[in-house]
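Take a look at the structure below.
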Ligand code: UD1
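In structure tokens, the structure reads:
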């Protein structure tokens, strides 16, 4: 079992390079299954979720080759199987994208019911409603889900909730369907636009990604021999912006997209941090006490739930009381118990948490409950007095590439220890 050991009390200063977006990569890799040919993906984050998807693609007959640490070539010309290994697909949430991709290409698919981070109930009823509207028969139970169709025919689908996964899955399922599909009340996250841009590059006809309504005109086939570079990771960018603020540091965050960070930037300024925009890099610095503020998580362009634990760390040492209202996930405040072990004063009930700012956090043994909670604990360990040990770091490895090396370059005293 691996853990991180951190000696705290560090201001993070220096430069950091952002990796390609996890949430785009875990959708675009399955999307290559729709292509009758070879695709080269650049700026692929080298993280454990991506490695698992590559293994699953291989098990379906695709040929996957890493030509360098961030470039993956996928040849999906000859798929040999439409049933993904259950033990692999049930390990992570984004395996649901295999449903849309294989249904779209082969009209038949079986995957394990998606696993992933422990954030509370994660239904996929909107995905299923969409597949059925296109003409698929969907069955699930005993830990797996099957979908099949004689043919998929475009339809109008109105989502009852704004869902990143359902939006992308229905794009995947409809790009090769007959006729036109209209998806209404869709999610608008940067990685949705990235998936649509990728599919358009390989020949799909998708309009309106990034707005509330997406229209897809089905095409006969998607073609190979294209190269596509995955968008920079919005959440990793935000994690380092908040690490700069919480540690009263000074970080130049490179290879990122400033416009994707508007909502967080506004909050950081409200909290007393300073920001400079250089287009594809952002400098965040702070030397003053953090001001309290209130946060409500919302779908993009609102405040991202995936940055809620990280901003919670900054609010735990703010000069006053703040409130966070989590509107997306039921169990996203588990990290507050860990921060309280460090001397924070946070009370949470249901989807609301009240943060009474304290002067200092102190090091403690800490347990990551999910990916972004793990990122928050890293920041907490770095700013705290004394030593922290962080357990369950496999969650962090799911979504942050080489995180300890990136943090060490910024001055963090962090070691990965393999404990038998
Ligand atoms: C994606 C992200 C995750 C992020 C989340 C919200 C990936 C791989 N993961 O997860 O990191 O926290 O978006 O930004 O991109 N819902 C339903 N029925 C459905 C689908 C969703 O009720 O069929 C609800 C969920 O319970 C949740 C909300 O809709 O309350 C948003 O979920 P969704 O956007 O689908 O999240 P994911 O795609 O699972």
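Residue numbers (the working numbering): 1 to 420.
Even glycine gets a Cβ: it sits at the ideal position worked out from N, Cα and C.
With DSSP as the reference, label residue 103 as helix, strand or coil.
Reduced to three states, the DSSP call for residue 103 is helix.
Using the rule of at least 16 other Cβ atoms within 10 Å of the residue's Cβ for burial, across every protein chain shown, is residue 142 buried or exposed?
Classification for residue 142: exposed.
In this structure, how does DSSP classify residue 349 when only helix, strand and coil are distinguished?
Strand at residue 349.
Whose C-beta lies closer than 6 Å to the C-beta of residue 167 among residues of the same chain, with five residues either side of it excluded?
Hits under 6 Å: 186, 187 and 192.
Please confirm if the stretch 38-53 is in contact with the stretch 399-414, defined as three or more CB-CB distances below 8 Å between the two stretches.
Yes, the stretch 38-53 is in contact with the stretch 399-414.
Taking the C-alpha atoms as reference points, what is the distance between residue 36 and residue 140?
Spanning the two alpha carbons is a distance of roughly 28 Å.
Would you list, in sequence order, the uninterrupted alpha helix (DSSP H) runs of no fewer than 4 residues that lie entirely inside the stretch 119-167?
Entirely contained in the stretch 119-167, the alpha helix (DSSP H) runs reaching 4 residues are, in chain order, 125-133.
Identify the residues that DSSP records as bridge partners of residue 365: which are they?
389, per the DSSP bridge assignment.
Mapping the DSSP letters down to three states, classify residue 278 as helix, strand or coil.
If DSSP states are grouped into helix, strand and coil, residue 278 belongs with coil.
Kindly indicate which residue of 412, 369, 356 and 315 has the alpha-carbon position closest to the one of residue 331.
Comparing Cα positions, the closest option is 369.
Only counting the same chain, and skipping five residues up and downstream in sequence, which positions put a Cβ closer than 7 Å to that of residue 86?
So the list reads 112, 143 and 144, once near-sequence residues are dropped.
Take residue 237 as the anchor and find which of 229, 273 and 283 has the nearest alpha-carbon.
If we check each option's Cα against that of residue 237, 283 comes out closest.
Is any heavy atom of the ligand UD1 found at a distance shorter than 6 Å from the C-beta of residue 126?
Yes, the beta carbon of residue 126 sits closer than 6 Å to at least one heavy atom of the ligand UD1.
Determine the burial state of residue 293: buried for a count of at least 16 other Cβ atoms within 10 Å of its Cβ, exposed for fewer.
Burial call: buried.
On a Cα-Cα basis, can you pick out the residue from 114, 303, 50 and 326 that is closest to residue 66?
Looking at the Cα atoms, 50 is the closest of the given residues.
Does DSSP put residue 51 in a helix, in a strand, or in coil?
Note: residue 51 maps to helix in three-state DSSP.
Are there 16 or more other CB atoms within 10 angstroms of the CB of residue 161, so buried, or fewer, so exposed?
Exposed is the call here.
Give me the Cβ distance between residue 39 and residue 175, rounded to the nearest whole Å; I'm assuming they're in contact under 8 Å.
Not quite, the Cβ-Cβ distance comes to about 14 Å (not below 8 Å), so this is no contact.
Give a yes or no on whether the C-beta atoms belonging to residue 343 and residue 315 are separated by under 7 Å.
Contact flag unset, no.
Please indicate yes or no: does the CB of residue 186 lie closer than 6 Å to some heavy atom of the ligand UD1?
Answer for residue 186: no, Cβ out of range of the ligand UD1.
For residue 433, does the count of other Cβ atoms within 10 angstroms reach 16, so buried, or fall short, so exposed?
Beyond the ends of the chain as shown, which are 1 and 420, falls residue 433; an answer cannot be given.
Between residue 339 and residue 364, is the Cβ-Cβ spacing less than 7 Å?
Not a contact, by the Cβ cut-off of 7 Å.
Which residue from 371, 6, 163 and 258 puts its Cα closest to that of residue 398?
Cα-wise, what sits closest to residue 398 is 371.
Closest to residue 249 by CA distance: which of 6, 1 and 13 is it?
Among 6, 1 and 13, the Cα nearest to that of residue 249 is on 13.
I want to check one thing, is the minimum distance from the CB of residue 123 to the heavy atoms of the ligand UD1 below 6 Å?
Flag set: Cβ of residue 123 near the ligand UD1.
Between residue 234 and the rest of its own chain, which residues show a CB-CB distance below 6 Å, the 5 nearest in sequence each way excluded?
Taken in chain order, the residues that qualify are 190 and 260.
Taking the Cβ atom as the reference point for each residue, do residue 104 and residue 173 lie within a distance shorter than 7 Å?
For residue 104 and residue 173, yes; Cβs fall inside 7 Å.
Got a sec, what are the start and stop residues for the alpha helix (DSSP H) residue 399 sits in?
Per DSSP, residue 399 belongs to the alpha helix (DSSP H) from 394-399.
Going by the C-beta, is residue 370 closer than 6 Å to any heavy atom of the ligand UD1?
No - the ligand UD1 has no heavy atom lying nearer than 6 Å to the Cβ of residue 370.
Can you grab the Cα-Cα spacing for the pair residue 296 / residue 348, in whole Å?
Between residue 296 and residue 348, the C-alpha separation is close to 14 Å.
Mapping DSSP to helix, strand and coil, what is residue 225?
Coil.
Just the C-alpha distance for residue 281 and residue 15, rounded to the nearest angstrom, thanks.
If I take the Cα positions, the gap works out to 10 Å.
Can we count residue 150 as close to the ligand UD1, meaning its CB is less than 6 Å from some heavy atom?
No, the beta carbon of residue 150 sits no closer than 6 Å to any heavy atom of the ligand UD1.
The beta strand (DSSP E) that contains residue 63, what's its start and end?
First-last of the beta strand (DSSP E) with residue 63: 63-68.
I'd like the list of long-range same chain contacts for residue 106, defined as Cβ closer than 7 Å, with 5 residues on each side in sequence excluded.
Excluding positions up to five away in sequence, the list reads 79 and 82.
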